[in-house]
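Have a look at the structure below before the remarks.
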Amino acid sequence: MRGADLLVKTLAAAGVTRIFSLSGNQIMPVYDACFDAGIEIIHTRHEAAAVFMAEAYAQLTGTVGVAMVTAGAGAANALGPLFTASESETPVLLLTGDSPLGQDGRGAFQELDQVPMTTPVTKLSFRPIRATDFGTDTARALRAALSGRSGPVHMALPFDLVDADATGGTIPTALGKEPMPLPAADAETIAQAIAKAERPLILCGPAMNDTRNPGKLAALQDALGAPVIAMESPRGLKDPALGNVGKALAQADLIVTLGKRIDFTLGFGSANVVDPSCDWIVVQPCAAERDRAHRNLGTRLKACFAADPRDSIDALIAAGHGGHDTWREQVAINLAARSFSEGDTVPSGKITPAQLCAAVQRQIDKAERSIMICDGGEFGQWAQAATQADLRVTNGISGAIGGGLCYGIGAKAAHPDATVFALMGDGTVGFHFAEFETAARAGLPYVVVIGNDERWNAEHQIQLRDYGPDRLIGCELSGARYDEAAKGLGAHGEYVTDLADLDAALDRAVQSGKPACVNVQIEGLPAPSGAAH
C-alpha cells in the first residue's frame, strides 16, 4: 500500500466521494488510488476553480470539500480561493503535490515551501514527513477543517511519500468534527438575558446561515423570542439583502452574536452603529475571535462563551422563553425593506437589474428544488437582494469575486436534482469562463445568468461617487458575446437585449439540459440601498 492509497482510503472512510482537481505530475499516484477507491475526480481548467467548487460543495453538503492540485505554480494558483473559504468559514481540504522530501534544498522540480504560503489563509497547513502517517495526518486535517470556527486546511504531499510503501499505516475511526457545545447553564444564562431585554438581536456568522443549518434559525428565533439574522456579505449593515438592518442594530439593547465576528461588517461594534448602552454577548469557538470581541467591545461585552454555536443551537432552543413579538415584527419589516421594484424603468429603455432578477425568480418559483449562486459587485448585490431560492451560496465576506461559475458546478455536483442558477456580472464571469467546458464535460447542467452592463460596475460607481463623471478610468468592458463563447465550450447560449424576450430565453436555458449562458444586456445601476447607506 502506497502513501497515496492510505491517503485516499482515509478520505473514503470519512465519506469523501468526489474531489475537484487539476492534474499534475506529483499527484498522479493519488489519481491512481482514487481509481481503486471509486472516488470521482471532477477535472477543472484552473487550480483556483477546483477550490471554489470544493467550497460550494462543502457548504451545500455539510461535508469537507476536497480540492487537489499539483505543486509549484499549481499550489500558488489555488491560494486566492483559500482566503474566500476562510472568510466564509467553509471546511475545505486542499491537497497539493510537493517535491520529494529527499530532494529538499537541491532544486527539485517545482520545489516550493508551500506551508508558509498557505498558513495565513488556513486553519492548518502542514507537510507530512512519513508515508505511514498519511492516515492520521488526513484525519487531523479533516478534524481541523470541521471543528471550532470551520475553514480551509492544507496538506502538501511530498512525491516520495505519496509513492512510498505505507504498510503499517492505519486509518483512524474518528474522522469527524469535535463538538464544542454550550453547557446547559450557559445556554440558560443567554436565554434569560434575551428574555429580560426589550429589543434583543441575534447575529449569526456565515457558518450559521440557513443553507448550512436548514430550519434551525427559524426554530431558534421562535424559541428565544429574538430576531435572528445571518450575515455573510462584506457590505455588512449595507447588505441589500438585509434591507434596513442598520435600523434594527441602532435600536437594540442586547446583541448576541453566534459565531459572528465583531469586525468591519458591524462597524467594529462602534457607537455610531449601535447604541453605546447596548450590551453584547458573544458565543465564539475561536480564541482569536474572542480576543477581537474583547478588543472592539470593551466593557460593553457582558459575557463571552467559548463554544461552537452550531453545536449549541438545540441547547439554546431548549432554554428559550419566547416573547418580543412586536419587536420581532418591526425587525422583520426592516429586513424586508427594498428600495426598488420590478416596475422601475430607466431612460435608456434597457433591462434593469430588478427586472432581470424578477425573471430569474419566476424560474426559481417553478423549480421543485432550487439553488441560487450570487457573485460579483453591483449585480451580485442585486441578485442577493432580489432573489430567494431553497439554498444559496454567495461570494461571501472576503469581497473576492469570480468564483460564481465554479460555485455552480460544485452546487450541481452536490445536488444533481436541483435547478441551479448562478447570477453574476460580465466582469465576474470572465475569471473562470473556461469552466463552462468542465460543466459540459462532467454533465453538470446549470444556468449562468450574466447581468451585462459592459463594465466593472462596483468600481465605476465608486469613481462616479468619489471623483465625478469626468474622471472615469479603467472600468470599461466590451459587449463581448459570452453566450457565443459558451456555445463553443459545449454550453447552451442565449443573448437578450429586450425584456419581452427574457422569460422565453430563461425557459430555453433551463430546458436545454446543458450548462447554459444567458447573456443579458442591462443598465448598470448601483446596488440597491437601505437606511444604512
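First residue of the sequence shown? That's 1 in UniProt numbering, and the numbers climb one at a time after it.
Idealized CB from N, CA, C, for every residue including glycine.
Computed from a predicted model, the values in this text were never measured in an experiment.
Roughly how many whole angstroms lie between the Cα atoms of residue i and residue j?
i: Leu182; j: Gly320; result: 14 Å
i: Leu201; j: Pro91; result: 27 Å
i: Thr189; j: Arg310; result: 18 Å
i: Ala480; j: Glu89; result: 35 Å
i: Val283; j: Pro120; result: 24 Å
i: Ala49; j: Gly323; result: 46 Å
i: Glu289; j: Leu297; result: 12 Å
i: Ser341; j: Asp390; result: 22 Å
i: Phe20; j: Pro416; result: 16 Å
i: Ala184; j: Arg300; result: 24 Å
i: Ser86; j: Ala367; result: 32 Å
i: Cys357; j: Asp375; result: 13 Å
i: Thr70; j: Thr96; result: 5 Å
i: Pro179; j: Ser147; result: 7 Å
i: Lys16; j: Thr63; result: The residue asked about is misnamed: residue 16 is Val in this sequence, not Lys. Looking at the two C-alpha atoms, the distance is approximately 8 Å.
i: Glu40; j: Thr173; result: 22 Å
i: Thr497; j: Lys350; result: 7 Å
i: Leu249; j: Leu203; result: 10 Å
i: Ala383; j: Gly236; result: 16 Å
i: Gly168; j: Ile27; result: 22 Å
i: Ala509; j: Phe433; result: 17 Å
i: Ala252; j: Ile281; result: 13 Å
i: Arg130; j: Arg143; result: 19 Å
i: Pro276; j: Thr61; result: 40 Å
i: Leu423; j: Ala54; result: 19 Å
i: Glu459; j: Glu232; result: 21 Å
i: Thr84; j: Ser398; result: 5 Å
i: Asp325; j: Thr211; result: 25 Å
i: Pro128; j: Pro206; result: 31 Å
What span of residues does the beta strand (DSSP E) with residue i cover, start to end?
i: Gly493; result: 492-496
i: Ile230; result: A small correction: the amino acid at residue 230 is Ala; Ile does not occupy that position in the sequence shown. Start and end: 228-230.
i: Asp253; result: Note, Asp253: premise wrong, no beta strand (DSSP E); not H, not E.
i: Arg295; result: Not the beta strand (DSSP E): Arg295 falls in the alpha helix (DSSP H), residues 287-297.
i: Asn452; result: 447-452
i: Arg392; result: 391-394
i: Leu124; result: 124-126
i: Lys302; result: 301-305
i: Thr419; result: 419-425
i: His43; result: 40-43
i: Ala516; result: 516-521
i: Val510; result: No beta strand (DSSP E) contains Val510, which is instead part of the alpha helix (DSSP H) from 502-511.
i: Val153; result: 153-158
Within the 8 Å Cβ cut-off, does residue i reach chain B?
i: Leu22; result: Of the chains in the structure shown, none is chain B; there is only one protein chain.
Quick check on the burial criterion: 16 or more other C-beta atoms within 10 angstroms. Buried or exposed for residue i?
i: Gly270; result: According to the sequence displayed, residue 270 carries Ser and not Gly. The residue is exposed, with fewer than 16 neighbouring Cβ atoms inside 10 Å.
i: Asn395; result: buried
i: Arg465; result: exposed
i: Phe431; result: buried
i: Asp5; result: buried
i: Tyr482; result: buried
i: Phe35; result: exposed
i: Glu378; result: buried
i: Asn272; result: exposed
i: Ala532; result: Residue confidence is low: Ala532 scores 46 on pLDDT, short of 50, so the model does not pin down where it sits. Its coordinate-derived value is still stated next. Classification of Ala532: buried, given that the 10 Å Cβ count is 16 or more.
i: Ala56; result: buried
i: Ala385; result: buried
i: Phe109; result: exposed
i: Gly3; result: buried
i: Ile473; result: exposed
i: Asn25; result: exposed
i: Glu484; result: exposed
State the start and end residues of the unbroken alpha helix (DSSP H) segment that holds residue i.
i: Asp365; result: 353-366
i: Ser86; result: 79-87
i: Met53; result: 47-61
i: Asp325; result: 325-336
i: Val64; result: Segment: none, Val64 is in no alpha helix (DSSP H) and carries neither H nor E.
i: Val115; result: 114-118
i: Asp137; result: 134-146
Whole-angstrom Cβ separation of residue i and residue j, contact assumed at under 8 Å?
i: residue 539; j: Arg18; result: Limits of the chain in this structure are 1 at one end and 533 at the other, which puts residue 539 out of reach.
i: Leu335; j: Leu242; result: 6 Å
i: Ala226; j: Ile262; result: 18 Å between Cβ atoms; not a contact.
i: Thr138; j: Leu11; result: 6 Å
i: Met68; j: Val30; result: 7 Å
i: Ile313; j: Lys216; result: 5 Å
i: Ala527; j: Gln381; result: 4 Å
i: Ala166; j: Thr132; result: 5 Å
**OP:** Pair every Cβ in the region 439-450 with every Cβ in the region 406-424, then say whether three or more of these pairs are closer than 8 Å.
**Re:** As far as the Cβ criterion goes, the region 439-450 touches the region 406-424, which means the pair count is three or higher.
Original post:
With contact counted as at least three CB pairs below 8 Å, one residue from each stretch, are the region 149-169 and the region 111-122 in contact?
Top reply: The answer is yes - the region 111-122 touches the region 149-169, with three or more Cβ pairs under 8 Å.
Original post:
Pairing CB atoms from the region 514-530 with CB atoms from the region 451-461, are three or more of them under 8 Å?
Top reply: Counting C-beta pairs with one atom in each stretch, the region 514-530 and the region 451-461 have three or more that are closer than 8 Å, which means they touch.
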